[in-house]
Amino acid sequence: MPSLMSQLSPCITNMIRLDHTHVLTAFHQYEVGASDRLRKGLADNVCLALEIHTQLEEEIFYPAMRAVADNEVLRKSTPEHDEMRGLISRLRNMPVNDASFDDTFFELMRHVMHHVADEETQLLPAAERLIPDQLHELGARMTRRRLELAGPRAPELASSIARSMSPGSIVAAGSALLAGAYLLTRNKYGDRLAAGRSRFTRA
Ligand SMILES: [Fe+2]
Ligand SMILES: [Fe+2]
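When you number the sequence shown by my numbering, it's gap-free, plus one each residue, and the end is 214.
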């Protein structure tokens with residue numbers, strides 16, 4: 012019998028989509044003319060959200076997919092994460108007033124957007140077709156692991172969110188770390204959307 016946690020948990024594909032949305036939202040708020048504090052806050056927020064998201068995918072989502080599929084997108088997924096980690100490391104070790112800070116951030120944005128497009132148009136629909144019965148249990152595992160990974164980094168998360176706030180803007184990237192809890196409240200709605208998408212892709 013499925014555990015209560017897995018029954019309440021959203022499916023893993025919707026959790027991944029929500030993580031992506033938060034990071035893309037933060038990307039769209041980054042402007043070259045913004046203050047050093049705001050740009051550094053957004054960059055720190057994106058880096059932290061990506062570090063946790065990529066680890067969750069590598070530990071939980073990709074292995075589940077490799078058990079049932081083998082394709083180019085899946086094979087290049089972890090090497091692409093490694094490229095992101097390289098850019099994240101450069102950003103973390105670079106003063107925000109360095110002449111190449113903005114370009115490094117935009118390079119990370121290009122990598123992430125390309126990677127997210129592949130995941131959202133190929134891997135997530137494949138998961139919904141191939142392992143529909145596992146999606147909630149995998150979502151529950153991802154929620155538990157997210158809390159383990161995010162807990163020790165809560166001060167870092169709070170600091171980056173505070174610095175990335177600007178009047179009139181809503182920073183969502185950091186709250187990706189809390190997506191598991193948020194998704195619990197939209198579980199039924201999100202799953203209806205996923206079911207609709209799944210029917211659409213089968214047609
Ligand atoms: Fe990924
Ligand atoms: Fe992803």
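Every residue, glycine too, gets a C-beta built ideally from N, C-alpha and C.
Just so it is clear, the structure is predicted and the values come from calculations on it, not from any experiment.
Query raised in the report: Expressed to the nearest angstrom, what Euclidean distance is found between the alpha-carbon atoms of residue 164 and residue 171?
Result: If I take the Cα positions, the gap works out to 11 Å.
Report task. List in chain order the residues whose CB is within less than 6 Å of at least one heavy atom of ligand 1. Result -> Residues with a Cβ closer than 6 Å to any heavy atom of ligand 1, in chain order: 65, 68, 88, 92, 126, 130.
Query raised in the report: In terms of residue numbering, what span does the alpha helix (DSSP H) encompassing residue 99 cover?
Result: That run of the alpha helix (DSSP H) goes 83-103.
Query raised in the report: Along the chain, where does the alpha helix (DSSP H) that runs through residue 73 open and close?
Result: Unbroken alpha helix (DSSP H) run through residue 73: 73-77.
Query - CB contact flag (residue 39, residue 60, <8 Å) - result: Contact check for residue 39 against residue 60 fails: the beta carbons are separated by 8 Å or more.
Report task. Confirm, please, whether the CB-CB distance from residue 63 to residue 135 is below 8 Å. Result -> Here residue 135 is not near residue 63, since their CB atoms are 8 Å or more apart.
Requested in this report: Go ahead and pull the three-state DSSP assignment for residue 23.
Outcome: Helix, per DSSP.
Report task. Could you work out which residue in 167, 35, 97 is closest to residue 120 when comparing CA atoms only? Result -> For residue 120, the nearest C-alpha among the options comes from 35.
Query - Short Cβ contact (8 Å threshold) for residue 156 with residue 107 - result: Not a contact, by the Cβ cut-off of 8 Å.
Query raised in the report: Under a Cβ-count criterion, where at least 16 other Cβ atoms within 10 Å of its own Cβ denotes burial, should residue 184 be classed as buried or exposed?
Result: The predicted model places residue 184 with a pLDDT of 43, which falls under 50 and marks its position as unreliable, so this point remains unresolved.
Query raised in the report: What's the call for residue 279, buried or exposed, on a 16-neighbour Cβ count within 10 Å?
Result: Residue numbering for the chain in the displayed model covers 12 to 214; residue 279 lies beyond these limits and cannot be assessed.
Report task. Compute the beta-carbon to beta-carbon distance between residue 149 and residue 75, rounded to the nearest angstrom, for a pair I have assumed lies under 8 Å. Result -> Between residue 75 and residue 149 the Cβ distance is about 6 Å, and since that is below 8 Å, they are a contact.
Query raised in the report: residue 103 to residue 93, Cα distance in whole Å?
Result: Residue 103 and residue 93 have their C-alpha atoms roughly 15 Å apart.
Query raised in the report: Skipping 5 residues on each side, what residues in its chain have a beta carbon closer than 7 Å to that of residue 169?
Result: Shown here for residue 169: not one same chain residue has a beta carbon closer than 7 Å to its own, the five before and five after excluded.
**Report entry** Given 8 Å, three or more beta-carbon pairs between the segment 127-134 and the segment 84-92
**Finding:** The segment 127-134 vs the segment 84-92: in contact.
Query raised in the report: Measuring CB to CB, does residue 175 end up less than 8 Å from residue 52?
Result: Inclusion of residue 175 and residue 52 in the CB contact set at 8 Å is warranted, their separation being smaller than that value.
Query raised in the report: Along the chain, which unbroken stretches of the alpha helix (DSSP H) at least 4 residues long are found entirely within the segment 111-151?
Result: Taking 4 residues as the shortest admissible run, the segment 111-151 contains the following complete alpha helix (DSSP H) segments, listed from N- to C-terminal end: 112-129, 135-141.
Query raised in the report: Considering residue 56, what are the terminal residues of the alpha helix (DSSP H) in which it resides?
Result: 47-67 is the extent of the alpha helix (DSSP H) around residue 56.
Query - Among 69, 99, 80, nearest to residue 140 - alpha-carbon criterion - result: The residue among 69, 99, 80 with its C-alpha nearest the C-alpha of residue 140 is 80.
Query raised in the report: Roughly how many whole angstroms lie between the Cα atoms of residue 153 and residue 48?
Result: Cα-Cα distance, rounded: 32 Å.
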